[in-house]
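Read the structure below first, then the notes.
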Amino acid sequence: MGEGKVYLVGAGPGDPGLITVKGLACLQQADTVIYDRLVSQGLLDHVPPGCELIARGEHGQDQSALYRLMADRARQGQTVVRLKGGDPFLFGRGGEEAGFLAAAGIPFEVVPGVTSALAVPTYAGIPLTHRCLSSAVGIVTGHEAWDKPGPAVNWDALSRAVDTLVILMGLKNLPLIAERLLKSGKPVDTPVAVICRGSLPEQVTVVSTLSQIGAEVETSGLQPPAVIVVGEVVRLREKIRWFD
Numbered sequence: 000m001g002e003g004k005v006y007l008v009g010a011g012p013g014d015p016g017l018i019t020v021k022g023l024a025c026l027q028q029a030d031t032v033i034y035d036r037l038v039s040q041g042l043l044d045h046v047p048p049g050c051e052l053i054a055r056g057e058h059g060q061d062q063s064a065l066y067r068l069m070a071d072r073a074r075q076g077q078t079v080v081r082l083k084g085g086d087p088f089l090f091g092r093g094g095e096e097a098g099f100l101a102a103a104g105i106p107f108e109v110v111p112g113v114t115s116a117l118a119v120p121t122y123a124g125i126p127l128t129h130r131c132l133s134s135a136v137g138i139v140t141g142h143e144a145w146d147k148p149g150p151a152v153n154w155d156a157l158s159r160a161v162d163t164l165v166i167l168m169g170l171k172n173l174p175l176i177a178e179r180l181l182k183s184g185k186p187v188d189t190p191v192a193v194i195c196r197g198s199l200p201e202q203v204t205v206v207s208t209l210s211q212i213g214a215e216v217e218t219s220g221l222q223p224p225a226v227i228v229v230g231e232v233v234r235l236r237e238k239i240r241w242f243d
């Protein structure tokens, strides 16, 4: 039996057309595809006949079960595609999965994907950098245990260090995030955009200010997944929005 291999493939932010050529080629040669819930189902049409499709969680909900599944299939000589939303190494636990494979001696390759942090603002007509408005961008997670002492994200430093802030997985904690940014000195009228279902036909964008965005999102009924953009570049959406 030949040696198998695991490909950690980024599927992009939602629009199936945004997967890379190399990522698509991996799908077309896969024996097993283990895919995340948010991955476009249309991408699964590209696998060869007989390929086994496994939704993340079908073989156990914890990460260790996923590790065992990838390892077992690769040791059977299979080509395994671990299809992950966005980019595997940006808040997707791809680094942990690659670390496990390396420690287990299983051949693997990482295929970068188009991250929602960049693509979704683009689909909303918001350039993250602009010669006159933004020369520095920060990408952070908004999904933390907010009651723990000393959060990993230094909102105070970020509020001063970057012109544009992109927050992933932060919809639920948005009121707390806005409060911390305001306490760190961000002006109350700083524009904020919340983009849900980005790059898909049902994309919805809500634009407000840092002082009002929490209340507006609550009344709008927006649901995850969402990308949050904080900064003056949000104002450019009024002129260059092209998708929604």
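Residues in the sequence shown are numbered from 0 upward in steps of one, following numbering that gives the first Met the number 0.
Even for Gly, the Cβ is constructed at its ideal location relative to N, Cα and C.
All figures in this text were calculated on a predicted structure; none of them were measured in a lab.
Spatial distance of residue i from residue j (CA atoms)
i: Thr121; j: Phe242; result: 9 angstroms
i: Pro186; j: Gly230; result: 10 angstroms
i: Pro52; j: Leu221; result: Correcting the residue type first, residue 52 is Leu in the shown sequence and not Pro. In a straight line, the C-alpha of Leu52 is about 30 angstroms away from that of Leu221.
i: Arg234; j: Asp162; result: 13 angstroms
i: Ala116; j: Val79; result: 26 angstroms
i: Val8; j: Val109; result: 6 angstroms
i: Val205; j: Asp30; result: 41 angstroms
i: Pro48; j: Gln28; result: 10 angstroms
i: Leu68; j: Val119; result: 31 angstroms
i: Cys131; j: Arg236; result: 15 angstroms
i: Gly22; j: Trp154; result: 35 angstroms
i: Ile138; j: Ala160; result: 12 angstroms
i: Cys50; j: Pro190; result: 46 angstroms
i: Gln202; j: Glu2; result: 42 angstroms
i: His142; j: Gly104; result: 32 angstroms
i: Asp71; j: Asp35; result: 19 angstroms
Presumed contact (8 angstroms Cβ cut-off) between residue i and residue j, rounded CB distance
i: Leu26; j: Val32; result: 7 angstroms
i: Pro133; j: Val228; result: Before going further, note that residue 133 is Ser rather than Pro in the sequence given. That pair is no contact at about 10 angstroms.
i: Ser158; j: Ser183; result: 4 angstroms
i: Phe107; j: Val5; result: 4 angstroms
i: Val165; j: Val136; result: 6 angstroms
i: Met168; j: Thr140; result: 6 angstroms
Interface flag, residue i vs chain B, CB-CB below 8 angstroms
i: Val191; result: Checking the listed chains, one finds no chain B in this structure; it contains a single protein chain.
Burial state of residue i (16 or more Cβ within 10 Å)
i: Lys83; result: buried
i: Arg55; result: buried
i: Gln77; result: buried
i: Ile239; result: exposed
i: Thr128; result: exposed
i: Asp86; result: buried
i: Ser198; result: buried
i: Pro200; result: exposed
i: Gly98; result: exposed
i: Pro12; result: buried
i: Pro224; result: buried
i: Glu96; result: buried
i: Ala102; result: exposed
Original post:
Can you list, in chain order, the stretches of the alpha helix (DSSP H) that have 4 or more residues and sit fully within the stretch 75 to 131?
Top reply: Counting whole runs of 4 or more residues, the stretch 75 to 131 contains the alpha helix (DSSP H) stretches 93 to 103 and 115 to 122.
Original post:
Is it true that the stretch 162 to 178 meets the stretch 205 to 217, where meeting means three or more beta-carbon pairs spaced less than 8 angstroms apart?
Top reply: yes
**OP:** Decide yes or no for the touch test of the stretch 33 to 40 against the stretch 2 to 18: beta carbon pairs closer than 8 angstroms, at least 3 of them.
**Re:** The stretch 33 to 40, when compared against the stretch 2 to 18, does touch it at the 8 angstroms Cβ threshold.
Subject >> Those runs of the alpha helix (DSSP H) which lie wholly inside the stretch 186 to 216 and span at least 4 residues >> reply: none
**OP:** Would you mind listing the beta strand (DSSP E) stretches within the stretch 7 to 72 that are 3+ residues and don't spill past its ends, in chain order?
**Re:** 31 to 34 and 51 to 54
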